[in-house]
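In what follows, a single structure is set out as structure tokens and then discussed.
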Amino acid sequence: MVAVGVSACGSSSGSGGATAVKFQLNFVPYGGDAPIYLAVERGYYRDEGLDVTILPGKTGVETISAVANGQVDFGTAPDSQVISAAGQGATVVSVGNRFAAPAVGVIVDSRLQVNGLADLAGKRILSSSPVYAELLKSSMRAAGVDPGSVELVTVNGPALLSTYAGGEGEGLVTSVPFALPVVSPQRESDVVSLVDYGVTIPEFSFIANPAFVDSKAETGRKFLSATYRGMDAAMRDPQAAIDALMAAVPGIDEQAAMGQMLAYGQAQCSSGTNGKTVAYQDLDAWKSGYTQMMEIGAAEAGVDISRLVTNEFQDATSTSCPTSWSK
């Protein structure tokens with residue numbers, strides 16, 4: 049069963065005696081979520097004895113809160129927000145990698161011929177994320193560029209991409225795999241990756257409540273196994289994944305969704321996860337990212353990354369990094 053936009057609480061057992069599981073996305077469904085919908089369509093969760101309900105999110109913060117409060121069993125959210133929320137007392141644990149490579153960057157109008165952060169001086173850069181805005185400032189300082197030379201303009205999250213695509217500002221700082229496929233058809237753009245300036249925070253992971261993991265570890269393993277099976281199938285047949293997404297969520301732009309899925313697929317692995325399964329999480333990258341977030345005031349001291357992140361379920365899949373995503 050797939051429920052989109054349904055928030056009713058589930059029971060301990062689903063249809064046909066299957067175990068009911070509620071999984072909340074970090075946002076409304078988009079291209080990066082297509083492998084999850086493919087896993088549902090092909091019955092991978094059913095094969096594991098799970099009756100999965102997919103709930104759309106509004107923000108990663110909201111999804112983290114829902115997981116921490118036990119309203120849903122699993123969620124997915126940006127790792128930067130998971131770290132920040134943990135410092136504020138949210139009780140969650142990252143149980144598996146989704147996109148290990150850092151993906152934050154500045155998307156800029158191609159006509160400006162921007163080749164690096166120094167070329168951003170005098171430009172208006174849009175942002176909907178305080179963390180991303182601070183990471184940009186930190187990267188500029190590291191590059192010897194005055195952050196004050198850039199005008200950062202805060203835009204409400206849902207309007208960020210349409211505002212930039214419509215011609216406002218000269219660029220935006222955001223998650224590049226999510227945004228670039230959406231804005232490029234309307235406004236040809238280039239990318240300045242903040243990874244080139246030392247940003248190391250992994251992009252996304254799957255999260256759960258520690259109490260759920262402790263009491264229902266086997267359910268967690270089954271959920272992740274089916275989810276990674278869907279990701280592997282999407283890598284092998286991208287169009288099937290997009291078709292599954294569009295069947296479940298009508299109205300999605302097919303071209304943008306395909307671009308998002310392939311771009312995030314290329315961020316599935318990192319140098320720190322190569323040779324490991326795609327579920328494996330690079331603790332050193334998490335620790336480095338946490339340090340960077342404390343330096344910019346986006347995370348509190350005292351977060352124990354070894355407790356926030358677990359590799360208990362890295363054997364939920366046999367697919368190893370690096371992976372190869374292409375249309």
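Note that our numbering numbers the sequence shown so that position 231 is 279, with each residue one more than the last.
All residues carry an ideal CB built from backbone N, CA and C; glycine is no exception.
- Listed in chain order, the non-local C-beta contacts of Asn-359 below 7 Å within the same chain comprise Tyr-328, Gln-329, local neighbours out to five positions each way being set aside.
- In the three-state reduction of the DSSP assignment, Ala-68 falls in the strand class.
- For Gly-337, same chain residues with a beta-carbon under 6 Å away, outside a window of 5 residues either side, are Thr-248, Ile-249 in chain order.
- Distance from the CA of Val-193 to the CA of Arg-172, rounded to the nearest whole angstrom, comes to 15 Å.
- Burial is judged here by how many other beta carbons sit within 10 angstroms of a residue's own beta carbon; Thr-124 has at least 16 and is buried.
- Proximity to Ser-113 across Ala-256, Asp-81, Ala-148, Leu-208 peaks at Ala-256, based on C-alpha coordinates.
- Comparing C-alpha distances from Ala-347 to each of Gly-137, Leu-200, Ser-176 shows the shortest one belongs to Gly-137.
- Counting the other CB atoms within 10 Å of its CB gives Ser-354 a total below 16, which places it among the exposed residues.
- Judged by DSSP secondary structure, Arg-172 falls within the beta strand (DSSP E) whose first and last residues are 172-175.
- Per DSSP, Glu-199 is not a residue of any alpha helix (DSSP H); the beta strand (DSSP E) it occupies stretches across 199-202.
- Comparing alpha-carbon positions, the option among Tyr-85, Tyr-92, Trp-373 lying closest to Ala-66 turns out to be Tyr-92.
- For Thr-222, the uninterrupted beta strand (DSSP E) segment begins and ends at 219-223.
- Around the beta-carbon of Ala-295, fewer than 16 other beta-carbon atoms lie within 10 Å, marking it exposed.
- Every beta strand (DSSP E) of 3 residues or more that sits fully in the region 204-276 is shown, in chain order, as 219-223, 237-241, 252-256.
- Annotated as distal: Gln-129 and Gly-153, with beta-carbon spacing of 9 Å or more.
- If you draw a straight line from the Cα of Asp-262 to the Cα of Gly-268, it comes to about 10 Å.
- If you check the CB distance, Val-240 and Val-156 come in under 9 Å.
- In the same chain as Ala-166, and ignoring 5 residues on each side of it, the C-beta atoms closer than 6 Å to its own belong to Val-193, in chain order.
- In the structure shown, Gly-144 adopts extended strand secondary structure according to DSSP, grouped into three states.
- When rounded, the separation of the alpha-carbon atoms in Gly-350 and Cys-369 is 31 Å.
- Taken through DSSP and simplified to helix, strand or coil, Pro-77 comes out as coil.
- Residue pairing from DSSP places Pro-126 in a beta bridge opposite Phe-252.
- DSSP places Ile-112 in the helix class (H, G or I) of the three-state scheme.
- Here Val-193 carries a coil assignment [DSSP, helix/strand/coil].
- Sequence-distant partners of Ala-133 (beyond 5 residues in either direction) whose C-beta falls short of 6 Å from its own C-beta, in its chain, are Ile-112.
- Apart from the 5 residues on each side of it in sequence, Gln-308 sits with its Cβ closer than 7 Å to the Cβ of Tyr-78, Gly-79, Gly-80, Pro-225, Phe-226, Pro-229 in its chain, given in chain order.
- Between Ala-116 and Val-243, the C-beta spacing is not below 9 Å.
- In this structure, the alpha-carbon of Ile-102 lies about 40 Å from that of Val-162.
- Where Asp-301 is concerned, there is no enclosing alpha helix (DSSP H), because DSSP gives it neither an H nor an E.
- Sorting Leu-86, Val-88, Val-140 by C-alpha distance to the C-alpha of Gln-119 places Val-140 at the top.
- Counting C-beta atoms within 10 angstroms of its own C-beta, Ser-187 has 16 or more neighbours from the protein chains shown and is therefore classed as buried.
- Pairing Val-297 with Leu-331 gives a Cβ-Cβ distance that is not under 9 Å.
- Taking the Cα of Thr-222 as reference, the smallest distance to any Cα among Tyr-180, Asp-127, Glu-343, Ala-305 is reached at Tyr-180.
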